[in-house]
Structure formats: C-alpha cells, structure tokens
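A.B. asks: This is the structure I want to talk about, given as structure tokens.
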Amino acid sequence: MKFLPPEGPPEIAFAGRSNVGKSSLINALVSKKGLARTSNTPGRTQELNYFVPDGYSGEPGDLPPMAIVDMPGYGFAKAPKSQVDAWTKLVFDYLRGRVTLKRVYLLIDSRHGIKKNDEEVMDLLDKAAVSYQVVLTKADKIKPPAVAKLQEETARKLAKRPASFPALTATSSEKGEGLDELRGHIIQAIQS
Numbered sequence: 025m026k027f028l029p030p031e032g033p034p035e036i037a038f039a040g041r042s043n044v045g046k047s048s049l050i051n052a053l054v055s056k057k058g059l060a061r062t063s064n065t066p067g068r069t070q071e072l073n074y075f076v077p078d079g080y081s082g083e084p085g086d087l088p089p090m091a092i093v094d095m096p097g098y099g100f101a102k103a104p105k106s107q108v109d110a111w112t113k114l115v116f117d118y119l120r121g122r123v124t125l126k127r128v129y130l131l132i133d134s135r136h137g138i139k140k141n142d143e144e145v146m147d148l149l150d151k152a153a154v155s156y157q158v159v160l161t162k163a164d165k166i167k168p169p170a171v172a173k174l175q176e177e178t179a180r181k182l183a184k185r186p187a188s189f190p191a192l193t194a195t196s197s198e199k200g201e202g203l204d205e206l207r208g209h210i211i212q213a214i215q216s
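Count the sequence shown with this note's numbering and you get residues 25 to 216, in order.
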C-alpha cells in the first residue's frame with residue numbers, strides 16, 4: 025500500500041458494482057462535473073482515485089476537509105480476469121489497512137437492489153470491522169413506491185450486519201435527490 029498518498033485528512037470511500045454510479049455521485053456531491061471521470065463502460069475506474077474537495081466554507085451542505093476515494097467497481101468489468109483479481113486485492117488491502125478511512129459508502133443501484141457480490145463485500149467489511157453505509161443510487165429511475173419498498177427490504181437486511189451504519193439514503197445524481205442528506209451523513213462520519 026506504499027503507493028497510496030500519505031495518510032492525512034479523514035477519508036471516505038465509494039464502493040459498488042461496476043456502473044452503479046460512483047463517479048457520478050462524487051461529482052454531484054462536490055458540485056463539480058468531470059472531477060471523477062464517468063463512463064458507460066463497466067470497469068472504467070481501474071484504480072483507487074483520490075479527490076480532495078476544496079473551498080470549504082463551513083456553510084450548511086458544504087463538505088469539510090477530507091479525501092474522497094473512488095474505488096474500482098466490482099462485478100462485471102471489461103478486463104482480463106488477472107487484472108480484475110489485482111483490483112480486488114488492491115481494494116481489500118486498502119479497506120483493511122487504511123487508518124484514516126472513516127466510512128465506506130456502498131452504492132447499490134435502486135433498479136437492481138442488493139446482489140450476491142454486494143453481500144460478499146458487506147461480509148468482508150463486517151469481518152474487517154470497517155464502517156459502511158449503503159446508498160441507493162439512481163432512485164429517480166424507479167417509481168417512489170418501489171424506492172420505499174427497496175429501502176424497507178434493504179434496511180431489514182442491513183439490521184443483521186455489525187459494521188453497517190443504520191442510515192440508508194436514496195439518491196439521484198441527475199436530479200440531486202438525497203444529496204444533502206448524504207452530505208450530512210458524510211460530515212457526521214468524518215467528524216466522529
């Protein structure tokens with residue numbers, strides 16, 4: 025892990041399946057299009073990408089000093105198996121060994137819900153005692169009653185997981201839904 029930036033400000037990381045919307049959510053949270061590179065190609069993010077938002081003013085909704093880590097997506101990726109295995113090892117080593125990591129935000133596509141590989145990542149985070157919070161992405165792509173049902177089902181599954189932070193936020197990067205709520209959770213996590 026010597027190739028990572030030196031540990032400094034608190035870090036939060038965004039993890040999730042390929043094309044779940046990690047980069048889009050990061051861009052929406054910091055109000056900077058293009059900060060985190062987005063793509064329609066699964067597996068585009070192939071390394072740990074660090075971002076340090078600037079301009080903290082202390083205003084409500086503004087994020088305090090921290091590092092944001094955009095992690096490679098897991099699951100489907102257009103890359104050789106050996107490369108996918110290397111990404112997986114990198115991610116797991118990072119999650120287990122980074123002292124300044126305050127919380128992992130595990131993104132779940134609202135259209136698909138929690139999948140087997142999401143549960144495997146949750147198992148790893150639980151075993152490593154790494155705090156994580158599930159964030160539902162692309163909530164604007166399904167009807168509000170379906171979002172409410174998904175939140176209920178997801179909360180029930182998370183109640184059995186020891187490292188899971190109990191708050192569950194439904195977001196839309198395109199429409200800005202849930203972003204203020206998520207910013208509040210991020211501020212709480214990095215200040216604890």
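In this text, a Cβ means the ideal position worked out from N, Cα and C, and glycines have one as well.
This one's a predicted model, so the numbers in the text were calculated from it and none came from an experiment.
If you draw a straight line from the alpha carbon of residue 92 to that of residue 167, how long is it in whole angstroms?
C.D. replies: For residue 92 and residue 167, the distance between alpha carbons rounds to 30 angstroms.
A.B. asks: Taking just the CA atoms, how far does residue 31 sit from residue 114?
C.D. replies: Roughly 16 angstroms between the two C-alpha positions.
A.B. asks: Would you mind sorting residue 156 into buried or exposed? The rule is 16 or more other CB atoms within 10 Å of its CB.
C.D. replies: Classification of residue 156: buried, given that the 10 Å Cβ count is 16 or more.
A.B. asks: With a threshold of 16 other CB atoms inside 10 Å of the CB of residue 127, please say whether the residue is buried or exposed.
C.D. replies: When all chains shown are included, residue 127 counts as buried.
A.B. asks: How many Å lie between residue 197 and residue 49 at the Cα?
C.D. replies: Cα-Cα distance, rounded: 5 angstroms.
A.B. asks: Pick out whichever of 119, 153, 43 has its Cα sitting closest to the Cα of residue 28.
C.D. replies: Among 119, 153, 43, the Cα nearest to that of residue 28 belongs to 119.
A.B. asks: Could you please give the first and the last residue of the uninterrupted alpha helix (DSSP H) stretch that includes residue 173?
C.D. replies: From DSSP, the alpha helix (DSSP H) with residue 173 extends over 168-182.
A.B. asks: Spell out a yes or no on whether the segment 169-176 and the segment 201-208 are touching, meaning 3 or more CB-CB pairs, one atom from each, closer than 8 angstroms.
C.D. replies: Segments in contact, no.
A.B. asks: May I ask you to report which of helix, strand or coil DSSP gives residue 145?
C.D. replies: It is helical.
A.B. asks: What ranges does the beta strand (DSSP E) occupy inside the segment 91-137, keeping only unbroken runs of at least 3 residues that lie completely in it?
C.D. replies: Listed in chain order, the complete beta strand (DSSP E) runs (minimum 3 residues) inside the segment 91-137 are 91-94, 125-133.
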